[in-house]
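In the working numbering, the protein residues as written are 1053 to 1169.
Scroll down for the structure; my scribbles are underneath it.
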């Protein structure tokens, strides 16, 4: 087995660190998306519940904003849903890259590498 330079090992090691950080960021982003989706759904439900107890004539002054607010929330919920659908693929790809980097680093260091079960 040819001798591997320290610079090459360090480059793979730092790539692994960046890959792990990217994976952690993707997981945090997924948590954010889920929390934001729940928050907006709660906002809509609470608004509907509050509105049900107020005479529509009294709400007239603010009712003109209902449609634009509802549309904005619906649009944001759609985007959140789209992003959440993509997350499993992104996380799987990032996880696979981390495993590949771990394997490469172990190989360069002369070890067997992590198991790929």
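For each residue, glycine too, the CB sits at the ideal point set by N, CA and C.
Pair every Cβ in the region 1124 to 1137 with every Cβ in the region 1085 to 1093, then say whether three or more of these pairs are closer than 8 Å.
The region 1124 to 1137, when compared against the region 1085 to 1093, does touch it at the 8 Å Cβ threshold.
Counting along the chain, where does the alpha helix (DSSP H) carrying residue 1099 start and finish?
1058 to 1103
Could you check whether the region 1101 to 1110 touches the region 1139 to 1154, counting it as contact only if at least three pairs of C-beta atoms, one from each stretch, sit closer than 8 Å?
Three or more beta-carbon pairs separated by less than 8 Å are not found between the region 1101 to 1110 and the region 1139 to 1154, which leaves the two stretches without contact.
Would the beta-carbon of residue 1135 fall within 7 Å of that of residue 1085?
Going by C-beta atoms, residue 1135 is nearer than 7 Å to residue 1085.
Euclidean distance between Cα positions of residue 1139 and residue 1070
18 Å
What number of angstroms, rounded off, separates the C-alpha of residue 1064 from the C-alpha of residue 1087?
35 Å
From residue 1125 to residue 1061, what distance separates their C-alpha atoms?
49 Å
Identify, in the order they occur along the chain, each residue of the same chain with its Cβ nearer than 7 Å to the Cβ of residue 1162, setting aside the five sequence neighbours on each side.
none
Is any non-hydrogen atom of the ligand GTP found closer than 6 Å to the C-beta of residue 1089, if you look at the structure I gave you?
Although the ligand GTP was asked about, the structure shown includes no ligands whatsoever.
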